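**Student:** Sharing a structure, written as structure tokens. Questions coming.
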Amino acid sequence: MKVLIMRALLCALFTTTLLFNSNLAIAAPTVTKEVKAIQQVVHLNKSTLEELMTLKGIGQKKAQAILAYRKKMGDFKSINDLMNVKGIGEKVLKDNMGRLKI
């Protein structure tokens, strides 16, 4: 009887371990995609709305403002020109400095 109970417990433990590990394997690619988006370089003069929205502190409205500024004023001459866009300040610029290119 003890052997039967031990086998049942081991089987339950093994099954639980398999289920737990399969959930981790499914969740891993999502983290990888997020990390890749964070590391991606954003070219101010070429980026799309979606690419601009990957920047920290840039949502849809600010991304649209960047595109409107670029259309009206022409290409950015320096990364600091981004602060000329309404709603973009030093903090946003500082938070994204490593990812921004002209």
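Take any residue in the sequence shown, note its place counting from 1, add 1014, and you have its number in my numbering. Ideal placement from N, C-alpha and C gives every residue a C-beta, glycine not left out. Note that the structure is predicted; figures quoted are calculated from it, not measured.
(1) Going by C-alpha distance, which of 1022, 1100, 1029, 1077 is nearest residue 1060?
(2) Would you call the CB atoms of residue 1109 and residue 1071 closer than 8 Å?
(3) Which parts of the region 1071 to 1096 are runs of the alpha helix (DSSP H), unbroken and 4 residues or longer, counting only runs that do not cross its ends?
(4) Report the residue from 1057, 1113, 1020, 1021 whose alpha carbon sits nearest the alpha carbon of residue 1089.
(5) Tell me the residue span of the alpha helix (DSSP H) that contains residue 1099.
(6) Express the C-alpha separation of residue 1015 and residue 1030 in angstroms, rounding to a whole number.
(7) Determine the contact status of residue 1063 and residue 1081, defining contact as a CB-CB distance below 8 Å.
**Tutor:** In brief:
(1) 1077
(2) yes
(3) 1074 to 1087
(4) Answer by Cα proximity: 1057.
(5) First-last for residue 1099: undefined, no H or E at that position.
(6) 23 Å
(7) yes
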